[in-house]
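Inspection log for the structure reproduced underneath, given as structure tokens.
In the numbering used here, the protein residues as written are 5 to 186.
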């Protein structure tokens with residue numbers, strides 16, 4: 005954090021080649037350590053900064069020590085931000101609402117995923133897996149009933165019945181490997 009009325013945070017520039025931070029007074033803050041939360045600490049040389057005319061805008065400490073924190077994943081965050089504003093990713097993000105968010109909206113509205121009756125991670129995880137398995141089976145049944153993929157005599161109900169039998173077969177013997185049940 006910067007002090008109120010001091011230099012803004014973006015005026016401290018990270019130099020990846022030398023692994024240091026350059027302050028607005030063009031002094032170097034060198035790497036000191038990495039804390040447990042993954043933040044790299046960069047500190048200045050108090051003798052140099054004591055002679056700087058703008059040190060009072062950097063820190064309020066009596067011994068003129070300024071510490072800048074930078075997370076170890078900050079480089080990747082900057083790469084993601086750069087990619088986010090390209091035209092290719094803007095088009096992909098626009099398609100997100102048609103594909104990914106629709107699945108979660110359907111789960112929330114049509115499959116009672118607004119709340120749960122279960123407690124505990126294991127029970128809720130099993131319940132959610134069962135819901136999404138049902139959604140996947142429904143999607144597969146719809147996909148199979150398309151005219152170009154299905155034989156002329158097939159009906160949606162026959163596919164749904166075969167899928168229900170398949171799931172029942174999976175549930176009956178959970179200790180056996182998947183391919184033994186086929």
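Where a beta carbon is used, it is the ideal one built from N, C-alpha and C, also for glycine.
Bear in mind the structure is a predicted one, so any value in this text is a computation, not a measurement.
Separation of residue j from residue i, as counted between CA atoms
i	j	result
residue 76	residue 8	26 Å
residue 187	residue 136	Any property of residue 187 remains undetermined from this structure, which presents the chain solely from 5 to 186.
residue 109	residue 51	59 Å
residue 101	residue 41	34 Å
residue 66	residue 85	37 Å
residue 97	residue 54	49 Å
residue 38	residue 148	55 Å
residue 133	residue 106	17 Å
residue 15	residue 104	38 Å
residue 6	residue 146	57 Å
residue 28	residue 10	11 Å
Range covered by the alpha helix (DSSP H) that runs through residue i
i	result
residue 80	78-88
residue 103	91-114
residue 142	125-148
Environment of residue i [buried if 16+ CB atoms lie within 10 Å]
i	result
residue 72	buried
residue 128	exposed
residue 140	exposed
residue 74	buried
residue 80	exposed
residue 63	buried
residue 59	buried
residue 17	exposed
residue 70	buried
N- and C-terminal bounds of the beta strand (DSSP E) containing residue i
i	result
residue 74	71-75
Expected contact under 8 Å - CB spacing of residue i and residue j to nearest Å
i	j	result
residue 204	residue 35	Given a span of 5 to 186 for the chain in the structure shown, any question on residue 204 remains unanswerable.
residue 56	residue 31	6 Å
residue 33	residue 47	6 Å
residue 117	residue 111	4 Å
(request) Could you name each continuous beta strand (DSSP E) segment of 3 residues or more that falls completely within the segment 6-60, going from the start of the chain to the end? (result) Entirely contained in the segment 6-60, the beta strand (DSSP E) runs reaching 3 residues are, in chain order, 17-19, 24-26, 32-38, 43-47.
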